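S.K.: Numbering (mature numbering (1 follows the signal peptide of the UniProt record, and there is no 0)), first residue to last: -49 to -1, 1 to 186.
Ideal placement from N, C-alpha and C gives every residue a C-beta, glycine not left out.
Predicted model only: the values in this text are computed from it and were never measured.
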Ligand SMILES: *[C@@H]1O[C@H](CO)[C@@H](O)[C@H](O)[C@H]1NC(C)=O
Ligand SMILES: *[C@@H]1O[C@H](CO)[C@@H](O)[C@H](O)[C@H]1NC(C)=O
């Protein structure tokens, strides 16, 4: 309200200034009249003319993948009458208050910073909401050091779960038995959840199993502890 009244008063004052200047110019002032009129014209056009509500410039990225520990930079490009103010949210919760910064910069991104980022731009005339950007954080944790033991009756199926590993994106996993890479065949399958399934166990399936995981995004790899499989005789 106050800003509106102020700007009206200023506009009126500039209008008077323009009339005076024009009068002086006709009156044969030493100032170059054209330049003066142009200067006044451009300044008064901005003050007089309608203020422009914020509008978005450029769509921005819909999705970004950032490595954990790296810097996240998001921009919110908008036009409209000055001053523009920006505010950022993550999953609809405020990340910043209203700020003149059109850039959001997070120094060392954590995996818990992943989510949907969005900015709102406002000025005296209104506000506009930018499309969401999904920020994903690529990371890989480590396997637990704990070894596992499993016993299966001969002839039965053995199902060995992939030892748990926190990772984004899902790692590529390779199973090994006694240090040799396991190639799936009609006796051994690897499920979409990276479980190893030995369909009908024989004594030869006993041994030391482990997995190696690679995160394609971070380039990191990890080796699990052993899972020892024993095959018991048929009782
Ligand atoms: C935001 O929402 C996504 C999807 O529901 C969720 O995975 C993520 O952890 C949330 N981020 C925060 C910071 O709450
Ligand atoms: C795992 O990472 C180490 C060190 O970064 C590297 O020397 C090794 O070759 C990698 N192994 C695989 C299977 O990618």
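1. Using beta-carbon positions only, say whether residue 29 and residue 76 come within less than 7 Å of one another.
2. Can you tell which of 20, 177, 124, 144 has the C-alpha that lies nearest to the C-alpha of residue 97?
3. Given residue 171, which residues of its chain have a CB within under 6 Å of its CB, disregarding the five upstream and five downstream residues?
4. Report yes if the CB atom of residue 233 is closer than 7 Å to the CB atom of residue 124, and no otherwise.
5. Report all residues from its chain with a CB closer than 6 Å to the CB of residue 136; omit the five preceding and five following residues, and keep chain order.
6. Suppose contacts are defined by Cβ-Cβ distances below 7 Å. Is residue 60 in contact with residue 17 by that definition?
7. Who sits around ligand 1, taking every residue whose Cβ is closer than 5 Å to one of its heavy atoms?
8. Measuring CB atoms only, is the region 28 to 45 touching the region 69 to 84, in the sense that at least three cross pairs come out at less than 8 Å?
9. Does DSSP put residue 47 in a helix, in a strand, or in coil?
10. Report the CB separation of residue 175 from residue 119 in whole angstroms; it is logged as a contact under 8 Å.
11. Less than 7 Å separating the beta-carbons of residue 157 and residue 181?
12. Give me the Cα-Cα distance between residue 161 and residue 11, rounded to the nearest whole angstrom.
13. Report the three-state DSSP secondary structure of residue 154 (helix, strand or coil).
14. Determine, using beta carbons only, whether residue 83 and residue 69 come nearer to each other than 7 Å.
15. Consult DSSP for residue 107 and reduce its assignment to one of helix, strand or coil.
16. Can you tell me whether residue 51 is buried or exposed? The criterion is at least 16 other CB atoms within 10 Å of its CB, across all chains shown.
17. Taking DSSP as the reference, what is the three-state secondary structure of residue 193?
18. Leaving aside the five residues before and after residue -13 along the sequence, list all residues of the same chain whose C-beta is less than 6 Å from its C-beta, in chain order.
19. Please report the distance separating the alpha-carbon of residue -18 from that of residue 23.
20. Alpha carbon to alpha carbon, how far is residue 41 from residue 126? Give it in angstroms, no decimals.
21. Along the beta strand (DSSP E) that carries residue 172, what are the first and last residues, could you check?
22. Drop a sphere of 10 angstroms on the beta-carbon of residue 138, count the other beta-carbons inside from all chains shown, and report buried for 16 or more, exposed for fewer.
23. Just how far apart, CA to CA, sit residue 159 and residue 26?
M.R.: Reading it off the structure:
1. Taking the chain shown and counting its residues from 1, one reaches residue 29 at position 78. Taking the chain shown and counting its residues from 1, one reaches residue 76 at position 125. For residue 29 and residue 76, no; Cβs fall outside 7 Å.
2. Against the chain shown, residue 97 aligns to sequence position 146. The candidate whose alpha carbon is nearest that of residue 97 is 177.
3. Numbered from its first residue, the chain shown carries residue 171 at position 220. 91, listed in sequence order.
4. In this structure the chain extends from -49 to 186, so residue 233 is not present and cannot be described.
5. Position 185 of the chain shown, counted from the start, is the residue given in the question as residue 136. Hits under 6 Å: none found.
6. As a working mapping, residue 60 is identified with position 109 in the chain shown. As a working mapping, residue 17 is identified with position 66 in the chain shown. For residue 60 and residue 17, yes; Cβs fall inside 7 Å.
7. With 5 Å as the limit between CB and the heavy atoms of ligand 1, the residues that fall short of it are 42, 66.
8. Here the region 28 to 45 lies against the region 69 to 84, with 3 or more beta-carbon pairs under 8 Å apart.
9. Taking the chain shown and counting its residues from 1, the one referred to as residue 47 is at position 96. The three-state secondary structure of residue 47, taken from DSSP, is coil.
10. Here the question's residue 175 lines up with position 224 in the chain shown. Here the question's residue 119 lines up with position 168 in the chain shown. At roughly 18 Å, the Cβ-Cβ gap does not stay under 8 Å, so residue 175 and residue 119 are not in contact.
11. Position 206 of the chain shown, counting from 1, holds the residue named residue 157. Position 230 of the chain shown, counting from 1, holds the residue named residue 181. Yes, the pair counts as a contact, with Cβ atoms nearer than the cut-off.
12. For the purposes of this step, residue 161 is taken as the residue at position 210 of the chain shown. For the purposes of this step, residue 11 is taken as the residue at position 60 of the chain shown. For residue 161 and residue 11, the distance between alpha carbons rounds to 43 Å.
13. Numbered from 1 along the chain shown, position 203 holds the residue referred to as residue 154. In this structure, DSSP gives residue 154 a helical state, which the three-state scheme calls helix.
14. For the purposes of this step, residue 83 is taken as the residue at position 132 of the chain shown. For the purposes of this step, residue 69 is taken as the residue at position 118 of the chain shown. Yes, they are a contact pair.
15. On the chain shown, position 156 is the one that residue 107 refers to. DSSP places residue 107 in coil when its eight states are reduced to three.
16. As a working mapping, residue 51 is identified with position 100 in the chain shown. The Cβ neighbour count for residue 51, taken over all protein chains shown within 10 Å, is under 16; the residue is labelled exposed.
17. Only positions -49 to 186 of the chain appear in the structure, and residue 193 is not among them; the question remains open.
18. On the chain shown, position 37 is the one that residue -13 refers to. Bear in mind that the predicted position of residue -13 carries a pLDDT of just 41, short of 50, making it unreliable; the figure below should be weighed with that in mind. Answer for residue -13: no residue qualifies.
19. Numbered from its first residue, the chain shown carries residue -18 at position 32. Numbered from its first residue, the chain shown carries residue 23 at position 72. Any reading at residue -18 needs caution, since the residue's pLDDT is 45, under 50, leaving its predicted position unreliable; the model's value is listed next. Rounded to the nearest angstrom, the two C-alpha atoms are 52 Å apart.
20. By 1-based counting over the chain shown, the position of residue 126 is 175. By 1-based counting over the chain shown, the position of residue 41 is 90. Computed Cα separation, rounded: 38 Å.
21. The residue labelled residue 172 in the question sits at position 221 within the chain shown. Where residue 172 is concerned, the enclosing beta strand (DSSP E) stretches over 172 to 174.
22. To locate residue 138, count along the chain shown from 1; it is residue 187. The residue is exposed, with fewer than 16 neighbouring Cβ atoms inside 10 Å.
23. To locate residue 159, count along the chain shown from 1; it is residue 208. To locate residue 26, count along the chain shown from 1; it is residue 75. Straight-line Cα distance between these residues: approximately 51 Å.
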